[in-house]
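Using mature numbering (1 follows the signal peptide of the UniProt record, and there is no 0), the letters of the sequence shown correspond one by one to residues -16 to -1, 1 to 526. Quick notes on the structure that follows.
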Amino acid sequence: MLAFLFISCATLVVRAFAFCSPPGPNLPPPTISATTPLILNATFILPADTSWANSTTFVVRASVGSTSIFHYEQIHEAQNATHSSPISDTKFRVASVTKLFTLLAILISPNKVEWNYPIGEYVPELRGGAWDAVTVGALAGHTSGLGKYGYVADLVFRPEVSSSLFGMTTSNATLPGCDIAPGARICSREEIIDEVKNPSYTPRSPGSGPLYSNFAFIPLGLALEKAYGKPYTDVIQELIIDPLKLKSTTFGDPLNGSAAILPGPSDQWWTDDFGNYNAAGGLWSTPNDLMIFLRAILSSKLLSPTYTRAWLQPTSLTPSLHQLVGSPWEILRPDTLNLTLPRPITLYAKSGEIPGYAAYAVVIPEYDLALTINSAGNQAFTAVRDLLASVVGIVVPWADQLAREQAKKRYVGTYSDGRNSSLTIELDDGPGLLVKSFTNNGVDILKTLASLNQISTAESSVRVFPTDPDSLGRTKEYWRLVVSREEKKKSFSGMACDSWARQDGFRFNGQPLDQVGFITKGGVATGVDLPGYKASLGMRMF
């Protein structure tokens, strides 16, 4: 598990988690203007005990919206001699980050490849038996029951590994000798199908817990080829690379070192074609191209906001409370970041690693934040893992504080009709925005809400949250009013946060009592619409 920066704030954590916030962001994501102070590179310090620092080239980039907020790079001298391009425009192998491209191509092809259909619909040879229970989505989310590699990395092909290590006198190798490693003979389609259908690789208990599988992406690549009638690499080129103008993202081996970070003389490296495993990890890309790709995901450029949010949802659990598995997202939820309101922050990440190269692609929708890390060297994956923890520890608190400052300017104040109805919004150290007071035609609504929830006003906290992200930035933003109760948890059942089940809990004459509509102009709230109370408060006082 990643060693995220620990902060000593136990008291704050207990109080923060006493509130049961609704799912989703705490506040609207920040926006960047010409006057926004950005993160200085000087604030970044390499993690302690970085044995890789003197032998690794790396680039770290972060952006909020379309604006770069952080950029840090280091070029290892031996690798520096092999390229001449600016490093952010220089190719690195991104390995399994390629899986994001494969699945995005499937998601934007709903009439050609259906997520919940058995893979046999698109690869007819994979019909019958256990394969009938293996869907496209199961392959995408590592729950198909397939193993990790297939022929690739089979130890029988490694001369330094003797069969005697396993108590056998001879190896009796019967594998065809293709797809055993990059640079080896590429299996034909017939050989690939024979491999996938081999009983020793049969999917076991599809739909059970996650098992990371590169092997699963071979059928997904074949499905795209069947759907479009062309090679997988051409499909990715036409559906993603060309529309996003990713000029330096390719499956081919760079022809010279001026366009790529190629390892030094003593480094391990793989630059060969991945062949049938291209769908699992064959891409080369630059830090700039990778950032454009992540920005396209966050801005729903190729996929609608609804389907983008669905894509980000987890598909299975792990033994860790701070990690879930998606399709193919590696979802991390660190809760020890240095925030005003300590809480779990959800990172949707995809890592990639092969000898000589490693990468991380991360999106954090709560802050409209994208993060890329590319590295090259013998300890490339150790580098990106350490860098992720360090950089997240800088950019997330920065973005969180900016979101708080902007929320204060945009929403905080007292909204009134000029008579006997008013709503006062404050920003404190708790979640969302605090409803300090709320009267409608002289009636104390906070008291009414406490009574409806069968609690006293003293033990309740009424807050509003931006639960409708599609409305943010429009002339009317829809938020929800949530009544939180601080409780003493007596058992594991008391650990549940059920705000997701209590939203829209009370209506009067058909209108929701928890809906708050901020009327905005120029990105700043000028009034509040409260349909459940037949109230429109058009005056904002600070």
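Heads up, the beta-carbon is just placed ideally off N, CA and C, and yes, glycines get one too.
About 27 angstroms separates the CB atoms of Gly121 and Asp352; that is not less than 8 angstroms, and the two are not in contact. Fewer than three pairs of CB atoms, one per stretch, sit closer than 8 angstroms, so the region 153 to 170 makes no contact with the region 219 to 236. Taking the Cα of Pro415 as reference, the smallest distance to any Cα among Thr504, Val448, Ala137, Asn437 is reached at Val448.
By the Cβ test, the region 105 to 122 is not in contact with the region 338 to 345, since fewer than three Cβ pairs between them sit closer than 8 angstroms. Here the alpha carbons of Asp257 and Gly236 stand approximately 7 angstroms from one another. Counting C-beta pairs closer than 8 angstroms gives fewer than three between the region 351 to 366 and the region 422 to 440, which falls short of the contact rule.
The Cβ atoms of Leu208 and Ala89 lie closer than 7 angstroms to each other. For Arg369, the closest of Lys393, Thr270, Thr40 by C-alpha to C-alpha distance is Thr40. Excluding residues up to 5 positions away in sequence, Asn424 lie with their Cβ nearer than 6 angstroms to the Cβ of Tyr517 in the same chain. Counting the other CB atoms within 10 Å of its CB gives Gly129 a total of 16 or more, which places it among the buried residues. About 13 angstroms separates the beta carbon of Pro6 from that of Glu350, a gap too long to meet the 8 angstroms contact definition.
Around Val145, the same chain offers Leu139 as residues with beta carbons nearer than 8 angstroms, after the five sequence neighbours per side are excluded.
Scanning Gln495, Ser475, Val467 for the CA closest to the CA of Ala485 turns up Val467.
Relative to Asp33, the option among Ser445, Ala367, Lys392, Ala343 whose CA is nearest is Ala367.
Between the region 388 to 402 and the region 506 to 523, the count of Cβ pairs shorter than 8 angstroms is three or higher; the stretches touch.
In chain order, Leu123, His126, Ser128, Leu130, Gly131, Lys132 place their CB closer than 8 angstroms to the CB of Ser197, counting only its own chain and leaving out the 5 sequence neighbours on each side. Across the set Ser284, Ala342, Ile378, Gln499, the C-alpha of Ala342 shows the shortest separation from the C-alpha of Trp254. DSSP links Tyr56 through a beta bridge to Val44.
Ser335: member of the beta strand (DSSP E) spanning 331 to 338, first to last residue.
Within the region 63 to 129, the alpha helix (DSSP H) runs of at least 4 residues that lie entirely inside it are, in chain order, 82 to 91, 120 to 124. Taking C-beta separations shorter than 8 angstroms and ignoring five residues to either side along the sequence, the partners of Ala117 in its chain run Pro102, Pro187, Pro190, Gly191, following chain order. A direct Cα-to-Cα measurement between Leu286 and Glu222 gives close to 12 angstroms. Counting only residues of its own chain and dropping the five nearest sequence neighbours on each side, Gly310 has a CB closer than 6 angstroms to the CB of Pro298, Thr299. Within the same chain, Cβ atoms closer than 7 angstroms to the Cβ of Leu436 are found at Phe490, the five residues on either side in sequence being excluded.
In this chain, the beta strand (DSSP E) harbouring Gly397 covers 397 to 400. Around the beta carbon of Thr504, 16 or more other beta carbons sit within 10 angstroms, so the residue counts as buried. Counting only the Cα atoms, Pro318 lies some 33 angstroms from Thr441.
Here Asn95 is exposed: its Cβ has fewer than 16 other Cβ atoms, across all protein chains shown, within 10 Å. Taken in chain order, the complete alpha helix (DSSP H) segments of 4 or more residues contained in the region 367 to 454 are 429 to 436.
For Met523, the enclosing beta strand (DSSP E) has its first and last residue at 523 to 525. Spanning the alpha carbons of Thr82 and Ser147 requires a straight line of approximately 34 angstroms. With fewer than 16 other CB atoms across the displayed protein chains lying within 10 angstroms of its CB, Gln495 is exposed. Looking at the DSSP output, Leu353 sits in a beta bridge with Val48, Ile348. Inter-residue distance for Pro215 and Ala114 is about 27 angstroms (C-alpha atoms, whole angstroms). In this structure, Ile357 and Tyr344 form a Cβ contact; the two beta carbons are roughly 4 angstroms apart against a cut-off of 8 angstroms.
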